[in-house]
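J.: Have a look at this one before I ask anything.
Protein chains: 2
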Amino acid sequence: MSSIPERPPAAGVLADETGYVLMRLGEALQALTDQTIGPDGFRGRHLHIMRLADESPLSQQQLSDLTGLDRTTMVAAIDDLERLGFASRRRSATDRRKHIIVLTSRGRQALADAAPQVEEVKHRLFRHLDEDQRRVLHALATRLLTDARAELGHKPDPG
Amino acid sequence: MSSIPERPPAAGVLADETGYVLMRLGEALQALTDQTIGPDGFRGRHLHIMRLADESPLSQQQLSDLTGLDRTTMVAAIDDLERLGFASRRRSATDRRKHIIVLTSRGRQALADAAPQVEEVKHRLFRHLDEDQRRVLHALATRLLTDARAELGHKPDPG
Chain U
7 MSSIPERPPA AGVLADETGY VLMRLGEALQ ALTDQTIGPD GFRGRHLHIM
57 RLADESPLSQ QQLSDLTGLD RTTMVAAIDD LERLGFASRR RSATDRRKHI
107 IVLTSRGRQA LADAAPQVEE VKHRLFRHLD EDQRRVLHAL ATRLLTDARA
157 ELGHKPDPG
Chain D
7 MSSIPERPPA AGVLADETGY VLMRLGEALQ ALTDQTIGPD GFRGRHLHIM
57 RLADESPLSQ QQLSDLTGLD RTTMVAAIDD LERLGFASRR RSATDRRKHI
107 IVLTSRGRQA LADAAPQVEE VKHRLFRHLD EDQRRVLHAL ATRLLTDARA
157 ELGHKPDPG
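As they're listed, the protein sequences go chains U and D. If you're matching positions, the first sequence starts at 7 in this note's numbering and goes up one per residue. If you're matching positions, the second sequence starts at 7 in this note's numbering and goes up one per residue.
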């Protein structure tokens, strides 16, 4: 692994706290994604929901379980997507009480348009980490996410 | 390093995206801290601000720079702390235009009360990672946070 600078960007007494650094990192990445894919009202959160919905037909509840976003946040985000004209709710053919989230053609276009910008910012962000470091970081973050969700009493994700 | 399970907790197509996992991890850690230190209105964010303010006298702007929280969020958080009776704003002796955030004795007590709970949840969360893994995770997350803030145009932190 290549060298990692010693000086922490986090603040004073909190710089040594891995949990704190990870919280600030999560926020910074969300802000960076939002800044990258703007315009108005189109956020990283929407992009993630759209990518999942594009992969397979999912209900609000399934999207909530998969992302770990609470129900209220998920409902608001899907409202946003409907307002942007990027997705719509359709009644499930198998269970009429459920709504399935379906991308519109405009939504699929927005997803395709955002992809290269997201790739570009990802490339810039991870450029100081080699393959091995990225792999290790991914594995450790995934492990912690599993444990943190278990602590929160989240159901394990089916995906 | 001990073995890390292969199965990702993140969802389908997004499970391989390190940035996505890190965003969800940051959220999960914030939710876990909030859940741990409740009661009403006392959040992880407040705890971090209080720990920094307890370490040295800081202005709102300095707290904002140190945490990476934007000005609006910081002002709201300090309003919360005043309402909880945990901190107060005092005019700086050296610059009358600035407010310094000072913990009250009740705030210092709340900080002391929360400490063992936070330690306990940290212990549970990181128990599957050995020393080496924690050290590597900390270094990589710190590096990424530096780069993400640079991308966001944040000023480098003095601490």
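Built from N, CA and C at the ideal position, the CB exists for glycine as well.
Could you name the residues of the segment 99–111 of chain U whose beta carbon sits closer than 8 Å to any beta carbon of chain D, in the order they occur along the chain?
T.: none
J.: Keeping to the same chain, check which residues put their C-beta closer than 6 Å to that of S8(U); ignore five residues upstream and five downstream.
T.: Only weak support is given to the placement of S8(U): the predicted model assigns it a pLDDT of 42, under 50, and the value that follows is read from those uncertain coordinates. Within the same chain, S8(U) has close Cβ partners D136.
J.: Using a Cβ-Cβ cut-off of 7 Å (strictly less than) and excluding sequence neighbours within five positions of R77(D), which residues of its own chain qualify?
T.: In its chain, beyond the 5 residues on either side, S70 have a beta carbon closer than 7 Å to the beta carbon of R77(D).
J.: For a quick check, are the C-beta atoms of A59(U) and A93(U) less than 9 Å apart?
T.: Closer than 9 Å, so yes.
J.: Short of 9 Å Cβ to Cβ, which residues in the segment 112–135 of chain D face chain U?
T.: V124, V127, K128, R130, L131, F132, R133, H134, L135
J.: Quick one: does the C-beta of T24(U) sit closer than 8 Å to a heavy atom of the ligand ATP?
T.: Inclusion of the ligand ATP in the displayed structure is not the case, the ligand content being empty and no account of it being possible.
J.: Please report the Cβ distance between Q66(D) and I84(D), rounded to the nearest whole angstrom; I am assuming they are in contact, meaning their Cβ atoms lie under 8 Å.
T.: 6 Å
J.: Under 9 Å, Cβ to Cβ, is there at least one residue of chain D near A154(U)?
T.: yes
J.: Can you tell me where the alpha helix (DSSP H) holding R97(U) begins and where it ends?
T.: Careful: R97(U) lies outside any alpha helix (DSSP H), inside the beta strand (DSSP E) at 93–97.
J.: Assuming L109(U) is part of the beta strand (DSSP E), what are its boundary residues?
T.: 105–109
J.: Just to confirm before moving on: does the CB-CB distance between G25(D) and K128(U) stay below 9 Å?
T.: yes
J.: Nearest chain D C-beta to D22(U) closer than 9 Å, yes or no?
T.: yes
J.: Flag this pair as yes or no: are the beta carbons of R89(U) and V108(U) separated by less than 9 Å?
T.: no
J.: Using a Cβ cut-off of 9 Å (strictly closer), state whether V81(D) contacts chain U.
T.: No, its Cβ sits nowhere closer than 9 Å to a Cβ of chain U.
J.: Between T73(D) and H54(D), is the Cβ-Cβ spacing less than 9 Å?
T.: Yes, the Cβ-Cβ distance between T73(D) and H54(D) is below 9 Å.
J.: Kindly list the residues whose CB is nearer than 7 Å to the CB of F132(D), restricted to its own chain and excluding five residues on each side of it in sequence; keep chain order.
T.: R140
J.: List the DSSP bridge partners of L64(U).
T.: Beta-bridge pairing links L64(U) to I107(U).
J.: Verify the CB distance criterion: does G47(D) have a CB-CB separation below 9 Å to chain U?
T.: For G47(D), the answer is no, since every Cβ of chain U falls outside 9 Å of its Cβ.
J.: Applying the criterion that 16 or more other CB atoms from any shown protein chain within 10 Å of the CB defines a buried residue, is G50(D) buried or exposed?
T.: Answer is buried; the Cβ neighbour count reaches 16.
J.: Assuming the contact rule is C-beta atoms closer than 8 Å, Q36(U) and M80(D) should be a hit. Round their C-beta distance to whole Å, please.
T.: Incorrect: roughly 17 Å between the Cβ atoms, too far for contact.
J.: For E137(U), does the three-state DSSP call read helix, strand or coil?
T.: helix
J.: Would a check of beta-carbon distances place H52(D) closer than 9 Å to chain C?
T.: Chain labels in this structure do not include chain C; the protein chains are U and D.
J.: Using a 10 Å radius around the Cβ and a threshold of 16 neighbouring Cβ atoms, would you call A145(U) buried or exposed?
T.: With 16 or more Cβ atoms within 10 Å of its Cβ, A145(U) is classed as buried.
J.: Please report the distance separating the alpha-carbon of A21(U) from that of V124(U).
T.: 28 Å
J.: Hey, how far is the Cα of L150(D) from the Cα of T42(D)?
T.: Going by the C-alpha atoms only, they are around 27 Å apart.
J.: Using 8 Å for Cβ pairs, my map puts A34(D) next to A154(U). What's the rounded Cβ distance?
T.: Under the criterion of beta carbons closer than 8 Å, A34(D) and A154(U) qualify as touching, at roughly 4 Å.
J.: Taking 9 Å as the CB-CB cut-off, is R3(D) touching chain U?
T.: Because chain D is modelled from 7 through 165, residue 3(D) falls outside the range shown and cannot be assessed.
J.: Please list, in chain order, the residues of the segment 64–91 of chain D that have any C-beta partner in chain U closer than 7 Å.
T.: Listed in sequence order: L72, T73, G74.
J.: Between G44(U) and chain D, is the shortest Cβ-Cβ distance under 9 Å, so that the two count as touching?
T.: no
J.: Can you tell me whether E23(U) is helix, strand or coil according to DSSP?
T.: coil
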